[in-house]
Every structure is written in C-alpha cells, then in structure tokens.
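Following: one structure in structure tokens, then a few remarks.
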Amino acid sequence: MFQLTCPGSQCVKNDVLSGLTVALALVPEAVAFAFVAGVEPMVGLYGAFMMGLITAILGGRPGMISGATGAMAVVMVALVATHGVQYLFAAVVLTGVIQALAGILRLGKFIRLVPYPVMLGFVNGLAIVIFLAQLQHFQAPDASGELAWLSGTTLWTLLGLVALTMAIIHYLPRFTVAVPASLAAIVVVTLLVIGLGLDTRSVVDVLRDMSGDPAATIAGGLPSFSIPAVPLTWETLEIILPYSLILAGVGLIESLLTLSLIDEITETRGRGNRECVGQGVANTVNGFFGGMGGCAMIGQSLININSGGRGRLSGISAALFLLAFILFASGLIELIPIAALVGVMFIVVLGTFEWATFRMIGKVPVADIMTSVLVAGITVVADLAIAVIVGVIVSALVFAWEHAKQMQAKAYVNEEGTKIYELSGPLFFGSVQHFQDLFDPRNDPDEVVVDFYDSRVADHSGIEAIDTLAERYQRHGKALHFKHLSEECRDLLEKAGDLVEVNLVEDPRYHVADDRLA
C-alpha cells in the first residue's frame, strides 16, 4: 500500500525540510558524477531528479534517496568515450529492464546472503570513499591549469567554514529540532559568507572549474522525451549489453545494501524486490529522458534519515526541489559555499563509519575482521560490486573451512571383530580431505562399517569421496559397508554401490546437490 508519509503535520514538515536539505547536497554530487561519466552536467542533474522521484514513489524503502552515483559513473565512462552519450542512454534503458526483471523474478531476497562482515566492510568502505571525494574541494586549478592544494587564507577560510558547519549540525539538535540541522548549517554558512564577503569557492565555481566554461550554470529546462539515437541492430545490443549487465548489478547491489542499512537504522523493513522494480523503472525512464541513470545513494540517504525524513514524501520533495533549482533558483543555489556541503558530507562520514569495528578486534574471529578490511579496501580502490562479490566468496570459503573441521568419526571394534566408524558432521567439498584422513584401509580389519547416522552428504564431492574410499578398501581386499545413507546417495554411488547396506526403515531422506539428479 502506498503511504506518502506518516500521519501528522510534523511528519510532513520533517519530510519536506529533509528533502530540501538532500536536494542542496545532490547538486554538486550530480555534477561531479556527470563529469566522471564524461557527460554534460545537466545529464547528471536530470538523472538525479528522475531517479529520486521515481524510486521514492515506486521503490521499496521509504526515506531512501537515489540519484546519479559514482559507482555507476565509473562503469559508464568507457562506453561514453568509445561510442558516445546516445549509447549510454540506450544502455541505461536496458539496465532498467534488467533490474525490473530481477525484481519481478524476486531475486532481491538474495541480498540476505551477504554476511555481516561484508556489510560492515561495505559501510566502512563507502565512508572512506565519501571522505576522499570531498578532498577534491581542497584543490583548485593553478596558473597552468593543474589542480593544486589550497594554502594560506583560502585554505583556513575553507577549514573554518567546514568546522562551523559541522559544529552547527552537531550542537543545534540539543536546542531545537524544529529545523533539520544540516539545512540550518547550510543557510547560516551561506548567509555568513555573503554578509562578510568571504573569499571562498561556491557551487558555481566548482561547476566552472570542472567544465572549463566560465559561463557554466546549473540552470536548465524540463527533461524531454527522446528515443536514444542508436541503430536498432544486434551489433548495438552486443555493445551495450555487457555495460548494462554490470550497471544493473552494481546498481542493485548498492541499492539493496543501502536498503539493509536504512532498515537497521530505522528498525523497519523495506521490500527488496519492489526496490529492484523501482530502480529498474527509474533507469528506463532516465534513458528515454536524457538522464545518466543511477541507484541508491548512501550519503544522501543518511542525510535524509538524520534530518528526520522517513516517508516517501522526503524523496519526492528532494527530487522536486532539485528540479526547482534547475528551473527557477539556479542563481541562489550557485551561491552556496562548497564548504557548507563538505561539512555536511563530513558529518555523514562520521555517522556512516562503524567505529565499533575497532572494538571488535580480539572479540570476533580474525577471518571476519580480515573480510571486513578486504571489502572496505576493494570498495575504495576498485568497485563496490567487486568488493561485495569478493567478500561473499571469502566468507563462503571461511564457512566451508570451519565446517570442514566438524567432520569427525568415533571408531571402535565390536565383538565380531568388525571395525565401526560412526561419522558426525557434513560431508561436502570442504571436508573431503578430513573424511579421507579418518580411515586406515591398510591396518583396518577385514570387515569395516561406516555409519552415516550423524552425518550428511551434501554434494557430488562427498559422493566421489565415498566411492574413492570404497575403492581403497577393495584394493586391500577388505569388505566395506555403508549404513544410513540416503536413497539419493545410493543412486549416485558407482564403485561403492554394491557395498551399501539398504535399511529403508532407518535410512534418512534428504537431497544431494548433484546435476545428475536434476
């Protein structure tokens, strides 16, 4: 059921003011990511507007903000450089279709497979990325056009304004929560800079430095519908499909992980499959209306949540305010000191980074700590999607290794002189070697029984291990019997097939992961 905001005028006010705060922070981000992707600033601004509006209406997580993001921009840059912006629009349309299909096929649930150490690394890595992205504002072109670090009065002015912004955001909620602290900080610092005539860079200065156009502005009109001007051929599909698959994967991973983070903060639960559909529809519309596409933004989402935005109205307000800036208020927005926005983002960094990570050292398994550090590092130096995939793989391998150690056997010789091995623990690819090491075919008696009552064969590697064990005992001329194997296991065994004791009453019934049974 669609619910715009929670009941009461207070919720409406919080959502609207929070949306205004988010919109102010979206402007420089959208412009910066547009330049990363190699497209015009308006393409980034239109993308942020359409992503924010459509996902706020159709998405599965009220209060989460979507827009143009750096994670997707770095994938787009090669396509734009090689084939042009029209191919980007076509790729974004296909990206949206893939994401919507993922939601329709209910694939969003697989985000639950991401372990907590990977989630921790994702959050910490993004916090570092957001922090590093702000450092570019401490640089400016020198006489030769190269970027150089600020110094002297310019640097101290910037640092002072950043510190003032952070102080207002930190201390204002102790006195009043009538206005979002981030919005109040931006307004106060902007009025201070204008009133005192301080020499510091503003939003328009950053835009003009990035574009190299001294007349650059964020002013523009409404986005217009246009079918991407690309040939409708297989060749075009072959060009854009690899990019679309990567963009869809990156977008969904970042969006669903951000959704999980917001769920944890707000102690509510979003709908992952609906968010996939919302992201897909938004990206498809972006491609047809000249936007660069995008996904959920963790920084802006946290600004929204911390400013009191909880309902869909906050995301809708942010998008509509951004459009209003483009259409009517570009002159005012361009006056905002970049120091105020940097201060807001620094507060986001402090709130995003899980400082409890340091307290976990020595209290949780070393493998979990190393996985978090690995994911954070890859997020910073490479790509979010790669980081999460690597983290999940490493976590799965650690899990397999730990469970492999649980394969044990209690061995004894009964009154008839038969040696009994009572197994416990799962038999799968990770525990095969442990399983083989439990037995001594050379020195065991002529009759051996392996009891699987407290064990379970999980995959084809386990089946092969049983067959191999049977072959080892056969080479030594000894009889080997298997008890309490499932019916599926008996069907899959080849060399050991005749050595399995059939006990239909006691034998368990469970499934084995094997293609031959599919």
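Reminder that position 242 of the sequence shown reads as 242 in the working numbering, one-by-one numbering, no gaps.
A virtual CB, placed ideally from N, CA and C, is assigned to each residue, including glycine.
How would you label residue i, buried or exposed, when you count the other beta carbons within 10 angstroms and need 16 or more for buried?
| i | result |
| --- | --- |
| Phe138 | buried |
| Asn14 | buried |
| Arg312 | buried |
| Asn443 | exposed |
| Ala178 | exposed |
| Arg475 | exposed |
| Asn414 | exposed |
| Phe439 | buried |
| Thr379 | buried |
| Tyr171 | exposed |
| Thr352 | buried |
| Tyr412 | exposed |
| Leu135 | exposed |
| Pro214 | exposed |
| Ser314 | buried |
| Val381 | exposed |
| Ile466 | buried |
| Ala34 | buried |
Please return the same chain residues whose Cβ sits closer than 8 angstroms to the Cβ of residue i, not counting the five positions on each side in sequence.
| i | result |
| --- | --- |
| Met50 | Pro223, Ala282, Val285, Asn286, Phe289, Gly291 and Ala319 |
| His403 | Gly425, Pro426, Phe428, Gly430 and Ser431 |
| Thr217 | Val204, Leu207, Ser330 and Glu334 |
| Thr266 | Gly63, Ile305 and Arg310 |
| Glu29 | Ala48, Gly67, Ala68, Met297, Gly299 and Gln300 |
| Ile227 | Phe288 |
Can you list, in chain order, the residues of its chain with a C-beta nearer than 7 angstroms to that of residue i? Leave out the 5 residues immediately preceding and following it.
| i | result |
| --- | --- |
| Glu501 | Residue placement at Glu501 is poorly supported in this model, since its pLDDT is 46, which falls under 50; the coordinates still yield a value, given next. Excluding sequence neighbours, Glu501 sits near His481, Phe482 and Lys483. |
| Ile104 | Val277 |
| Gln99 | Ala248, Gly251, Leu252, Cys276, Gln279, Gly280 and Asn283 |
| Trp401 | Gly430 |
| Leu79 | Tyr87, Leu88, Ala91 and Tyr243 |
| Ala376 | Gly121, Asn124, Gly125 and Ile128 |
| Gly308 | Asn14, Ser18 and Pro180 |
| Ser202 | Glu334, Leu335, Ile336, Pro337 and Ile338 |
| Val521 | Absent from the structure is residue 521, since the part of the chain shown begins at 1 and ends at 518. |
| Gly38 | Val77, Val80 and Ala81 |
Closer than 6 angstroms by C-beta to residue i: which residues in its own chain qualify, once you throw out the five before and the five after it? Chain order, please.
| i | result |
| --- | --- |
| Met407 | Gly425, Ser431, His434 and Phe435 |
| Ser372 | Pro117, Leu120 and Gly121 |
| Gly47 | Ala68, Asn286, Gly291, Met292, Gly293 and Gly294 |
| Arg310 | Gly63 |
| Val92 | Asn283, Asn286, Gly287 and Gly293 |
| Ala32 | none |
| Val349 | Ala127, Ile130 and Phe131 |
| Val394 | Thr371 |
| Ser9 | none |
| Gln3 | none |
Taking residue i and residue j to be in contact with their CB atoms under 8 angstroms, please state how far apart those CB atoms are, rounded to whole angstroms.
| i | j | result |
| --- | --- | --- |
| Gly19 | Ser317 | 3 angstroms |
| Ala219 | Ile338 | Rounded, the Cβ-Cβ distance is 18 angstroms, inconsistent with contact. |
| Tyr87 | Ile239 | 6 angstroms |
| Thr5 | Val12 | 6 angstroms |
| Leu257 | Val366 | The pair is not a contact, with the Cβ atoms about 24 angstroms apart (cut-off 8 angstroms). |
| Leu24 | Ile186 | 6 angstroms |
| Leu150 | Ala143 | No, Leu150 and Ala143 are not in contact; Cβ-Cβ is about 14 angstroms, not under 8 angstroms. |
| Leu322 | Leu101 | Going by Cβ atoms, the distance from Leu322 to Leu101 rounds to 28 angstroms, so no, they are not a contact pair. |
| Val342 | Ile169 | In fact, because the Cβ distance is near 12 angstroms, the residues do not count as touching under 8 angstroms. |
| Asp437 | Lys478 | The Cβ separation is near 18 angstroms, so there is no contact. |
| Val390 | Leu374 | 7 angstroms |
If you draw a straight line from the C-alpha of residue i to the C-alpha of residue j, how long is it?
| i | j | result |
| --- | --- | --- |
| Ala133 | Asn304 | 19 angstroms |
| Glu40 | Leu207 | 11 angstroms |
| Val56 | Leu147 | A small correction: the amino acid at residue 56 is Ala; Val does not occupy that position in the sequence shown. The alpha-carbon atoms of Ala56 and Leu147 are separated by roughly 37 angstroms. |
| Arg61 | Gly44 | 23 angstroms |
| Thr268 | Ser260 | 10 angstroms |
| Trp234 | Gly84 | 18 angstroms |
| Val16 | Ser182 | 13 angstroms |
| Ile336 | Gly160 | 15 angstroms |
| Glu416 | Ala470 | 21 angstroms |
| Ser301 | Ala127 | 13 angstroms |
| Ala184 | Ala340 | 10 angstroms |
| Met210 | Leu53 | 27 angstroms |
| Ala272 | Leu237 | The sequence given here has Gly at residue 272, not Ala. So the two alpha carbons sit approximately 28 angstroms from each other. |
| Leu107 | Leu232 | 29 angstroms |
| Pro523 | Ser455 | Past the boundaries of the shown model lies residue 523; the chain is included only from 1 to 518, so the question cannot be answered. |
| Thr153 | Leu192 | 17 angstroms |
| Leu158 | Thr82 | 38 angstroms |
| Thr95 | Ala229 | 17 angstroms |
| Met42 | Leu241 | 25 angstroms |
Within 7 angstroms: the Cβ of residue i and any heavy atom of the ligand SAH?
| i | result |
| --- | --- |
| Asp15 | Because no ligand of any kind appears in the structure shown, any question about the ligand SAH cannot be addressed here. |
Report yes or no: is there a C-beta of chain B within less than 8 angstroms of the C-beta of residue i?
| i | result |
| --- | --- |
| Arg310 | Annotation note: the requested chain B is absent from the structure, which comprises a single protein chain. |
With a cut-off of 8 angstroms, do at least 3 Cβ pairs link the segment 66-81 to the segment 248-256? yes
Decide if the segment 447-454 is in contact with the segment 415-431; the criterion is three or more beta carbon pairs, one per stretch, under 8 angstroms apart. yes
Counting Cβ pairs closer than 8 angstroms, one from the segment 195-207 and one from the segment 348-366, do we hit at least three? no
Using 8 angstroms as the Cβ pair cut-off and three pairs as the minimum, do the segment 369-388 and the segment 160-173 touch? no
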